[in-house]
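I have placed the structure first, in the form of structure tokens, so that the comments after it can refer back to it.
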Ligand code: AKB
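Numbering (this note's numbering), first residue to last: 4 to 318.
Okay, here's the thing in structure tokens:
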């Protein structure tokens, strides 16, 4: 069967880069981008685009049938910080959109689904360092609860109905092409913009808050690799741990100061501190490595260089 990809939530931080990457890999006309609103020019000009509300089952189904979609990447979600402000909205978006695509796959209207989970599935009772694939999971945020529940449903649909759903637990993602929105790890993107623009940054997490993070190129590679891996290799159908690097605000500051020595950071922790404190500091991703060959390639200092080089012209 010919591959035809639908990306739901294509205008967000991951969706934008994922869409462009998949269009380069498979051809523009084979990758349909969709979102509730239009995105940036590079994305809009690179191939077909549809306005789509991920909560509207009929609309999702209509696009799946019209374009003869085989693979869906469901990237629409409300992230941790925003979902704490709008708990029911966050829950409804994150769960309903997932059920829509799982049910389309169950009814054989699509073949394969990518659904992102997150380190937010873990909670304060989870071991903080080298957090294993299988461990205590008592998430304390709405976002984390929705991702944990989603993982259970993905595994259920795979076991019960044979749905080919694949997932990874993203750490905080850092990119220069599109800004993140509403996450607790977003400071690690904003800090580069402020370092170039104002040479100072007020951080909403404290200096010692170590969190698992990853550069976007690695995240895109992991996402496409798991989707393109042979079916038999994907043994975990809830979601795979995925690790890139771990750092705290003090360490990313030191990395930036190697390029901008006068850069200064100060700390004013807000409600996001409690969210960050409930998450792991580092992740054991050996199962992803063993099952489908995952290996992270970009370090903190390499990422800092790429971020500052690419953002320099904006300021
Ligand atoms: C967030 O901070 O909410 C996200 C995530 C870790 O899933 N970046």
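Glycine included, C-beta positions come from ideal geometry on N, C-alpha and C.
- Taken atom to atom, the span from the alpha-carbon of residue 225 to that of residue 125 is near 20 Å.
- The continuous alpha helix (DSSP H) containing residue 109 extends over residues 90-109.
- Taking residue 180 as the centre and dropping the five residues before and after it, the same chain places the C-beta of 19, 20 closer than 7 Å to its C-beta, in chain order.
- Take the alpha-carbon of residue 207 and the one of residue 277: they are about 11 Å apart.
- For residue 168, the enclosing beta strand (DSSP E) has its first and last residue at 167-169.
- Annotation note: the segment 242-276 contains the following uninterrupted alpha helix (DSSP H) runs of length 4 or greater, listed N- to C-terminal: 252-260.
- DSSP places residue 206 within a strand segment (E or B) once states are collapsed to three.
- Taken from the Cβ of residue 127, every heavy atom of ligand 1 lies 8 Å or farther away.
- Distances between the C-beta of residue 42 and the heavy atoms of ligand 1 are all 8 Å or more.
- Cα atoms of residue 29 and residue 228: separation of roughly 14 Å, rounded to the nearest angstrom.
- Runs of the beta strand (DSSP E) spanning 3 or more residues and lying entirely within the segment 171-227 occur at 171-173, 175-177, 203-206, 214-218, in chain order.
- Taking C-beta atoms as the reference points, residue 11 and residue 107 fail to come closer than 9 Å.
- Distances from the CB of residue 146 to the heavy atoms of ligand 1 include at least one below 8 Å.
- Judged by the Cβ position, residue 123 qualifies as a neighbour of ligand 1 at the 8 Å threshold, a heavy atom of the ligand being closer than this.
- Per DSSP, residue 288 lies in no alpha helix (DSSP H) and is assigned neither H nor E.
- Counted as a single uninterrupted DSSP element, the stretch harbouring residue 149 is not any beta strand (DSSP E) but the alpha helix (DSSP H) occupying residues 145-164.
- At a cut-off of 8 Å, the beta-carbon of residue 297 does not count as near ligand 1: no heavy atom of the ligand is closer than that.
- Out of 138, 24, 39, the CA that lies nearest to the CA of residue 127 is found in 138.
- In this structure, residue 168 places its C-beta atom within 9 Å of the C-beta atom of residue 115.
- In the structure shown, the three-state DSSP call for residue 70 is coil.
- Secondary structure of residue 121 (DSSP, three-state): strand.
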